[in-house]
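The structure appears right after this line, and notes come after that.
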Amino acid sequence: MTSQISKNKNNSENEAEISLWLDYMVEPTTLESLLDYCRICLANGQSNKAITSMANKVTVAVDKVWTGIEFDHPDYDCRKGCSWCCHQNVAVTWPELLKIYDHLLQSLDPTQLDVLKNKSNKLANEVLGKSTSKRFEQKIACVFLEDDICTIHAARPLQCRGGFSEEESYCRNLFEDPKSTQQSVKDGRLRGKFLIAPKLIYNSAQVAMTHAMRGVGMEGSVYELTVAISILLTKLCYGEADAVVEHDLRPALLKNNIDDDIATSRLGL
């Protein structure tokens, strides 16, 4: 009897753990390894420089994980210049934003940064309160998309790095006719073409950073890319870049809207 109870308990615990993995869409081994690594990074300090360094190292590490198993998974059509997926809300963490911010400072001159700031402010006002489905409908692209090219491809967020599709046409159909395409998948008339493995791996990296940050008293929140960059670049132009903290990004926080989709909060910039 005791053995049976123990077995049932173990089964219950395993089911709960699997449920947690699915809720977060994470790969447990990758998550555990990166979480330990992030904790070590943050134990040495939580300055913006230290957090940027953590983001860079985590990105390199998770890229290597995917490269190591990529050959075991289906081929994909994704490439720099394919932009069907670049018209949706992109969830980013504070470390990823600092990584992108650092990339911009190294890549652009003051005039170019000012142009990007104005563009991001305009797009941020269009994005606020909109779900991904609304952005699809209104064809609102990412702030970093120019002529179908991602201008920060080398420093792009983890959510973008982990997005892979077997067929470009599937992504095009999702963008041009999302309701019909999604219904076809739901009805079984069409098979979804997104690769699951890289999604789990890159999600794990994002979750690891947010959990490690919360463990040292930081917010560890998730933000919408375009709105968050608008805030950071505005701070830069006001000469407040060195003083920017995670709390300043609250207007860019993501939350669930009535359509069970991700939308940005309607807080003023």
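According to our numbering, the stretch in the sequence shown is residues 328 to 596, in order. C-beta atoms are modelled at their ideal positions from N, C-alpha and C, and glycine is treated no differently.
Top-ranked residue by Cα proximity to residue i, from the options
i, options, result
"Y403", "K562, L527, E494", "E494"
"M381", "L361, Y550, D399, Q465", "L361"
"L414", "L450, V389, D399, I427", "The residue you asked about is not Leu; residue 414 is His in the sequence shown. Minimum Cα distance to H414 is reached at L450."
"L425", "Y497, G408, A482", "A482"
"K506", "H538, V470, S460, Q533", "S460"
"Q373", "A539, L432, D514, C487", "A539"
"G544", "K520, L552, E573", "E573"
"C498", "L440, V554, C412", "C412"
"T420", "L435, S548, R462, G542", "S548"
"L522", "R462, K446, F398, E503", "F398"
"K520", "I467, L552, H400", "H400"
"E546", "L559, L552, D575, T553", "D575"
"L560", "Q439, S496, T508", "Q439"
Cβ-based burial, residue i [other Cβ within 10 Å; buried from 16]
i, result
"C564", "exposed"
"L581", "buried"
"Q533", "buried"
"K444", "buried"
"T357", "buried"
"K391", "exposed"
"R518", "exposed"
"A555", "buried"
"L432", "exposed"
"V442", "exposed"
"N371", "exposed"
"T537", "buried"
"V312", "Absent from the structure is residue 312, since the part of the chain shown begins at 328 and ends at 596."
"I427", "buried"
Close-in-space but distant-in-sequence residues of the same chain around residue i (CB under 7 Å, 5 per side omitted)
i, result
"N530", "Y351, M352, V353, G489"
"P303", "Absent from the structure is residue 303, since the part of the chain shown begins at 328 and ends at 596."
"L597", "Any question about residue 597 goes unanswered here, given that the chain covers just 328 to 596."
"H480", "K407"
"E423", "A382, P484, L485"
"D475", "G408, S410"
"F502", "W411, H414, F463"
6 Å CB neighbourhood of residue i in its chain, flanking five on each side removed
i, result
"N448", "S557"
"D429", "T379"
"C368", "M381"
"A535", "L358, L361, L362, C365"
"V571", "K562"
"N375", "L425"
Bridge partners - residue i, DSSP secondary structure assignment
i, result
"I476", "E473"
"T420", "V549"
"L580", "Y550"
"S410", "In DSSP, S410 forms no bridge with anything."
Contact set for residue i: own chain, Cβ-Cβ below 8 Å, skip 5 residues either direction
i, result
"Q465", "E453, K457"
"N335", "Caution applies to N335, whose pLDDT of 47 falls short of 50 and renders its modelled position unreliable; the value that the coordinates give is listed next. Taken in chain order, the list of residues that qualify is empty."
"C477", "K407, S410, C413, C469, F471, R483, C487"
"S511", "L517"
Min CB distance residue i to chain C below 7 Å
i, result
"F491", "The displayed structure is made up of one protein chain only, and chain C is not part of it."
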